[in-house]
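Shown next, in structure tokens, is the structure this report addresses.
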Ligand code: GLU
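Residue numbers (the working numbering): 14 to 301.
Below, the structure is given as structure tokens:
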């Protein structure tokens, strides 16, 4: 049956991605501790069910900017300022995560990646071994891009893509993108009231890829529907289901894991000929 999500309950290795705008108060840009707490509690609860769990989190640059009182969008800032902000914000973000994970008696670790982690075989193998060892230890890895050293040439560029890359590298069977929208619509629902919600995508064809629009309407993250559909292509081709769901209530995570019908499900469709590096190159070229 098309909308039967009961198989989601059996997923064993799950990557959850949360965007900057979902972690902070819109009015001030400060961290929303209640949402962070719920997120961490949900992840620990999945871990307590014996599942392997990874968190891909944004927010480093936004929190860094906040710490040194720069404007939130920072479009006019030179790249070095962005990288300095990432260095400040990543440490602060991890400090907060570590504190909350510790409250739930859960050990967490940090993994920072760049394109090298995908393209360079030795780098990739090392990262994969690290993930495997952390899972064996019962640890939850927290992943972000290494924005402090990742210049345009070696960046993955956005955390939707990064989370799908992680899902592919560790052979996860589910990727959940927590976002500020309910999932995929046939058009931008903020601009077009006729837009229809899509519950399930069985095949991610080119016409669907074109449905992606450039922006989420938030000015803190770098993801839009386009990057989410790119992530879906990576995840599903690598054998993982992917769900886009609204982060307005983060308890949606356990509802999804109960097999209930939330968000848009992109059904896994393993493609042995899929090349992650080639796909990332093509995306990179399109972004310019
Ligand atoms: N890596 C960036 C950060 O942590 C965010 C990228 C994104 O939101 O897609 O600030």
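The C-beta atom is built at its ideal place from N, Cα and C for all residues, glycine as well.
The alpha carbon of residue 263 has as its nearest neighbour, out of 254, 275, 87, the alpha carbon of 275. Counting only residues of its own chain and dropping the five nearest sequence neighbours on each side, residue 117 has a CB closer than 7 Å to the CB of 53, 54, 57. Within the DSSP secondary-structure output, residue 199 pairs in no beta bridge. With a cutoff of 8 Å on beta-carbon distance, residue 175 and residue 156 are scored as near each other. A straight line joining the alpha-carbon of residue 133 with that of residue 166 spans about 14 Å. Residue state for residue 295 is assigned as helix, using DSSP reduced to three classes. Secondary structure at residue 83: coil, using DSSP grouped into helix, strand and coil.
Between the alpha carbons of residue 47 and residue 123 lies a gap of roughly 22 Å.
Rounded to the nearest angstrom, the gap between the Cα atoms of residue 208 and residue 223 is 15 Å. DSSP places residue 65 within a strand segment (E or B) once states are collapsed to three.
The beta carbon of residue 281 sits closer than 7 Å to those of 249, 252, 253, 254, all from its chain and outside the five residues before and after it, given in chain order.
Collapsing the DSSP output to three states places residue 76 in a helix. Distance from the Cα of residue 194 is smallest, within the candidate group 258, 107, 200, for 258. Looking only at 150, 44, 88, the smallest Cα-Cα distance to residue 109 is reached by 44. Cβ neighbours of residue 114 within its own chain (closer than 6 Å, five residues either side excluded): 53, 121. Taking the CA atoms as reference points, residue 40 sits about 20 Å from residue 70. Distances taken from the Cβ of residue 124 to the heavy atoms of ligand 1 include none shorter than 7 Å. A buried status is given to residue 78, since no fewer than 16 other beta-carbon atoms sit within 10 Å of its beta-carbon.
For residue 90, the CB stays at least 7 Å from every heavy atom of ligand 1.
By the neighbour-count criterion, in which a residue is buried when 16 or more other Cβ atoms sit within 10 angstroms of its Cβ, residue 91 is exposed. Here residue 290 is exposed: its Cβ has fewer than 16 other Cβ atoms, across all protein chains shown, within 10 Å.
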